[in-house]
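Student: Numbering (the numbering used here), first residue to last: -9 to 97. Beta carbons are placed, not taken as given, at the ideal position from N, Cα and C, and that holds for glycine. I have a structure here, written as structure tokens, and I will follow up with some questions on it.
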């Protein structure tokens, strides 16, 4: 999938840049919550890449684990962190994507 998205070196640099921007924004968000990134860094890297790809393809930082409807208002609910993530973390200790975990998450 990486090659299909990246294509040329300039496109890859663009994906890498968007990926860094997504990570930085989410790091700031996590810092202001009781949550943290999943300790499994490969999962975090994969999900952040998926969010970056969605930003490039769909125009916003949509959760890669949710289906987009094409309805701007409905899709706004799945911009990461999506509106469902807090309840998922509170109930399950981890969000659907496995990107964010609660303070008591053991893995």
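Distance, Cα to Cα, residue 66 vs residue 5?
Tutor: Their backbone Cα atoms lie some 22 Å apart in a straight line.
Student: State yes or no: is the C-beta of residue 85 within less than 9 Å of the C-beta of residue 54?
Tutor: Against a cut-off of 9 Å, the Cβ pair of residue 54 and residue 85 comes out as no contact.
Student: Does the beta carbon of residue 60 fall short of 8 Å from some heavy atom of the ligand SAH?
Tutor: The model depicted lacks the ligand SAH and carries no ligand whatsoever.
Student: Distance check for residue 25 and residue 40, CA to CA, integer angstroms please.
Tutor: Between residue 40 and residue 25, the C-alpha separation is close to 20 Å.
Student: In this structure, how does DSSP classify residue 10 when only helix, strand and coil are distinguished?
Tutor: Reduced to three states, the DSSP call for residue 10 is helix.
Student: Who are the near neighbours of residue 79 in its chain, counting only those whose CB is closer than 8 Å to its CB and skipping five residues on each side?
Tutor: Here the set comprises 25, 85, 90, 91, 92.
Student: Hey, quick one: how far does the alpha helix (DSSP H) through residue 96 stretch, first residue to last?
Tutor: Note, residue 96: premise wrong, no alpha helix (DSSP H); not H, not E.
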